[in-house]
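S.K.: Structure below; questions to follow.
Protein chains: 2
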Amino acid sequence: MTEFKENINYFLVEIFNNILAFEQRCLNRFGGNFTINDVHIIEQIGLDGKRKMTDIAEAMGVRLASMTSAADRLERKGCIVRERSAVDRRIVLMSLTQYGRVTFKLHKRFHDRMANKVIEAFTDEELRVLSPALASLNEFFKKADPSMISV
Amino acid sequence: MTEFKENINYFLVEIFNNILAFEQRCLNRFGGNFTINDVHIIEQIGLDGKRKMTDIAEAMGVRLASMTSAADRLERKGCIVRERSAVDRRIVLMSLTQYGRVTFKLHKRFHDRMANKVIEAFTDEELRVLSPALASLNEFFKKADPSMISV
DNA sequence: ATGGTATAATTAGAATATCTAACTATTTAA
DNA sequence: TTAAATAGTTAGATATTCTAATTATACCAT
């Protein structure tokens, strides 16, 4: 059992960092001048329609002011546009430019192929367990509250 | 099979962010004025002895200049000290202060308890598969090269 | 209609974090 | 002894985040 604990711990530290490092390597290779964060925002905006600044900020788990800052940079890079909603002029809507859409599609394709590579590394048996396990793990961390961990 | 792919993809995006968010929440709660990055560096230095700046930078996957910057901040916070090696005076060694050691132990304990909580969420059967699977996943990303993913 | 309150986004300022390039000091090799 | 290599720091620029304050808009109460 101790071995499991150590692997989980390992996961929380090492895999985390390795994924980050790998993603960065890929971006350096294929990403033009986008940062990981840029790409995640582009992914959140999506291809269809316009998203509220507030919603994207929430989805990314950052404050609205941080999203403004990021949107400034993405706008400067030419891949998003911002406009006021006609319905409620307080609301700013973000959408992708043509350049942004190309970028979205490129990265989506890249992610898909990377997921394929990962899947190839496991047997069907393993995947059958790993897949729901990852879903559970995600749910755990999404809901996890610091007070759960008594110190 | 498509379901598996979707979960893996989900893992690569969502869990990553959720773990980060959770870790940040815990740090806000228990961490004093340390950032996640601070904690990771403290963990890399460890309790026993002194580590080369270069080695820690490598382990963290950042450039040496970035580590200098981080070390400056950590030194200012009073949890590390830097000194020149007597063997080779080009080399700077980092070690934890008493305050740094207390912080190390606190976070180590926290991580252990968090791992326990994660383990509680799974059956023995799942853990038996999940543990080596996570190890494989880690190995994959550690070695993964962008050229593996044809676009 | 007017004034007060709430909401959404931006701005300003500060801190963290990363990188490249240049510099300083030390060690190693020729 | 000189030149090259190595380790760390500095300088400058960019990315990223947050808080607090500000601006503009919408909503509510009178």
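Protein chains in written order, with the numbering used here: chain A, 1075 to 1225; chain Y, 1075 to 1225.
Ideal Cβ placement from N, Cα and C applies to all residues, glycine included.
Keep in mind the model is a prediction, meaning the values are calculated, not measured.
(1) Does the structure place the region 1114-1130 of chain Y close enough to the region 1086-1105 of chain Y that three or more beta carbon pairs sit under 8 Å?
(2) Against chain Y, with Cβ distances strictly below 9 Å, would A:D1129 count as a contact?
(3) Pairing CB atoms from the region 1165-1183 of chain Y with CB atoms from the region 1110-1125 of chain Y, are three or more of them under 8 Å?
(4) In terms of alpha-carbon separation, which member of A:L1138, A:L1208 and A:R1183 lies closest to A:I1165?
(5) May I ask you to list, following chain order, the residues of the region 1196-1216 of chain Y that have a beta carbon less than 9 Å from some beta carbon of chain A?
(6) Between the region 1174-1191 of chain A and chain Y, which residues of the former have a C-beta closer than 8 Å to a C-beta of the latter?
(7) Using a beta-carbon distance below 9 Å, is Y:I1115 in contact with chain A?
(8) Would you tell me roughly how many angstroms separate the C-alpha atoms of A:S1205 and Y:R1099, rounded to the nearest one?
(9) I want to see whether chain Y comes within less than 9 Å of A:G1135, judged by CB atoms only; does it?
(10) Using the C-alpha atoms, what's the distance from Y:G1106 back to A:E1157?
(11) Within the continuous beta strand (DSSP E) that includes Y:R1156, where are the two ends?
(12) Quick check on this structure: which residue in A:E1132, A:M1188 and A:F1090 has the alpha carbon closest to the alpha carbon of Y:D1219?
(13) Do you know offhand how far A:F1215's Cα is from Y:F1090's?
(14) So Y:R1099 contacts chain A; which residues on that side make the cut at Cβ distance below 9 Å?
(15) Looking only at its chain, what residues have a beta carbon closer than 7 Å to the beta carbon of Y:T1171, apart from the 5 residues adjacent to it on each side?
M.R.: In short:
(1) These segments do not touch.
(2) Here residue 1129 of chain A refers to the residue found at position 55 when the first sequence is read from its first residue. Interface criterion not met: the Cβ of A:D1129 is under 9 Å from no Cβ in chain Y.
(3) yes
(4) For the purposes of this step, residue 1165 of chain A is taken as the residue at position 91 of the first sequence. Answer by Cα proximity: A:L1138.
(5) F1196, D1198, E1199, E1200, L1201, R1202, V1203, L1204, S1205, P1206, A1207, L1208, A1209, S1210, L1211, N1212, E1213, F1214, F1215 and K1216
(6) L1180, R1183, F1184, H1185, D1186, R1187, M1188, A1189, N1190 and K1191
(7) Within the second sequence, residue 1115 of chain Y is the residue found at index 41, counting from 1. Taking Cβ atoms only, chain A never reaches closer than 9 Å to Y:I1115, which makes this a no.
(8) Taking the first residue of the first sequence as 1, we reach residue 1205 of chain A at position 131. Taking the first residue of the second sequence as 1, we reach residue 1099 of chain Y at position 25. Their backbone Cα atoms lie some 26 Å apart in a straight line.
(9) Numbered from its first residue, the first sequence carries residue 1135 of chain A at position 61. Chain Y has a Cβ within less than 9 Å of the Cβ of A:G1135.
(10) For this step, residue 1157 of chain A is matched to residue 83 along the first sequence. For this step, residue 1106 of chain Y is matched to residue 32 along the second sequence. Distance between the alpha carbons of A:E1157 and Y:G1106 is about 40 Å.
(11) Sequence index remark: in the second sequence, residue 1156 of chain Y carries index 82 (1-based). Residues I1154 to R1158.
(12) As a working note, residue 1219 of chain Y is residue 145 in the second sequence. Of the candidates A:E1132, A:M1188 and A:F1090, the one whose C-alpha sits nearest the C-alpha of Y:D1219 is A:M1188.
(13) In the first sequence, residue 1215 of chain A corresponds to position 141, counting from 1. In the second sequence, residue 1090 of chain Y corresponds to position 16, counting from 1. If you take the alpha carbons of A:F1215 and Y:F1090, they lie about 9 Å apart.
(14) For this step, residue 1099 of chain Y is matched to residue 25 along the second sequence. Residues of chain A with a Cβ closer than 9 Å to the Cβ of Y:R1099 are, in chain order, A1218, D1219 and P1220.
(15) As a first step, residue 1171 of chain Y is located in the second sequence; it is residue number 97 there, counting from the start. Once the five neighbours on either side are set aside, the close Cβ partners of Y:T1171 are G1152, C1153, I1154 and V1155.
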